[in-house]
Amino acid sequence: MVLYEYPFNEGIRTMLRLEQLFGRLDVLAARTEAIDHHFALATMFEIMDVAARADLKSDLLKELERHKAQFQSYRGNPHVSEAALDDVVGRIDQAFQALNAVAGKAGQALSGNDWLTSVRSRISIPGGTCSFDLPGYYAWQQHPAARRQADLGRWLDTLQPLADALRLLLGLLRDSGVPHRVAAQAGQYQQSLPQGRTYQLLRLRLDTEVDVVPEITGHRLMVSVRLMRADADGRLRPLAQDVDFDLALCT
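Per the working numbering, residue 47 is the first one in the sequence shown, and the count goes up by one each step.
Take a look at the structure:
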């Protein structure tokens with residue numbers, strides 16, 4: 047199955063972008079080649095750019111508080127396990143305290159590192175990190191992999207509270223959606239959304255052998271999915287056949 051996700055608001059869109067960047071960063075930082083660590087740094091700078099939004103940290107803290115209050119309201123419900131509640135509330139508390147302890151915006155501590163700042167100013171320029179442009183950076187790339195990984199680990203530790211809060215919140219959001227099988231007739235599917243309920247994320251799973259691409263649009267009243275298939279030149283064309291897929295709406 048191939049999973050596609052569609053955010054219904056800008057806040058979730060930002061969180062998904064950051065989650066993707068953190069996932070890429072984890073993969074690259076764990077490798078040993080200097081070229082992988084170059085792109086790990088580039089990804090770290092992308093995270094810093096996204097996280098520089100003034101209200102991101104406060105929005106995540108508010109979301110953690112909202113989720114904690116919601117779970118606390120389940121106390122005493124005979125259908126809810128107290129042990130499971132304690133575990134979830136404990137994870138929320140831990141994420142809140144770690145993120146709240148970060149001074150300023152996420153990644154702000156790295157902005158004061160002159161060496162990182164010099165690399166950041168050149169890395170977005172095509173070929174801008176050549177040895178004659180940044181000899182200090184070139185020298186760092188010649189260090190043993192373990193030393194480079196130690197440096198990366200130290201820098202990434204300052205971003206870890208943000209990554210942990212994001213993954214927890216997105217995990218709770220995804221768990222709220224129950225997938226069901228639907229049919230796109232002649233490649234088209236529409237579903238009206240109930241009024242008075244706000245959805246934040248759509249999750250769509252397609253069988254890999256179908257080999258189609260969904261174009262998803264949505265707002266508070268309706269979601270629409272149009273299935274496309276690439277032609278020989280890679281251009282997407284509307285699909286005219288019936289296709290089943292799994293759909294989940296998360297709130």
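Positions of the beta carbon are idealized from the N, C-alpha and C atoms, including for glycine.
| Item | Value |
| --- | --- |
| Terminal residues of the alpha helix (DSSP H) in which Gly57 lies | Glu56 to Ala76 |
| Own chain, CB closer than 8 Å to Ala185, minus 5 neighbours either side, in chain order | none |
| Minimum length 4: unbroken alpha helix (DSSP H) runs contained in the region 191 to 271 | 191 to 203 and 206 to 221 |
| Whether Gln187 touches Ala80 by CB criterion (9 Å) | yes |
| Cα-Cα separation between Ala191 and Met274, rounded to whole angstroms | 44 Å |
| Residue span of the alpha helix (DSSP H) that contains Tyr183, given as start and end | Pro181 to Gln187 |
| Per-residue burial, Met90 [other beta carbons within 10 Å of its own, 16 or more giving buried] | buried |
| Continuous alpha helix (DSSP H) assignments of at least 4 residues falling wholly in the region 139 to 166 | 154 to 157 |
| At least 3 beta-carbon pairs within less than 8 Å: the region 245 to 254 vs the region 283 to 295 | yes |
| Where Ala86 falls: helix, strand or coil (DSSP) | helix |
| Chain-order list of residues whose beta-carbon lies under 8 Å from that of Gln236 (same chain, five-residue window excluded) | Met268, Val269, Ser270 and Val271 |
| Paired residues, beta bridge with Phe291 - DSSP | Val228 |
| Candidates Val256, Leu71, Thr297 and Ser104, of which the one nearest Val289 by Cα | Val256 |
| Inter-residue CB distance, Val135 and Lys114 (contact presumed, cutoff 8 Å) | 6 Å |
| Expected contact under 8 Å - CB spacing of Leu202 and Leu219 to nearest Å | Not really, about 24 Å apart at Cβ, beyond 8 Å. |
| 8 Å CB neighbourhood of Ser222 in its chain, flanking five on each side removed | Cys296 and Thr297 |
| Sequence-distant residues of its chain with Cβ nearer than 8 Å to Pro341 (five each side left out) | Within the shown structure, residues of the chain are numbered from 47 to 297, placing residue 341 beyond reach of any answer. |
| Residue closest to Ile58, alpha-carbon to alpha-carbon, out of Leu106, Ala75 and Leu71 | Leu106 |
| Same chain, Cβ closer than 8 Å to Leu282, five either side skipped, listed in chain order | Val259, Glu261, Met274, Arg275 and Ala276 |
| Glu51 in three-state terms, based on DSSP | strand |
| Stretch-stretch touch, CB-based, cutoff 8 Å, three pairs: the region 114 to 128 with the region 62 to 80 | no |
| Strand pairing of Ala276, partner residues [DSSP] | Leu282 |
| Cβ pair count under 8 Å reaching 3, the region 201 to 216 against the region 143 to 158 | yes |
| In DSSP terms, what Cys296 is bridged to | Leu247 |
| Close beta carbons around Asn55, own chain, < 8 Å, minus the five adjacent residues each side | Gln246 |
| Cβ-based neighbour list, Arg166, same chain, cut-off 7 Å, excluding 5 preceding and 5 following | Phe91 |
| Span of the alpha helix (DSSP H) around Phe117 | Leu102 to Gln118 |
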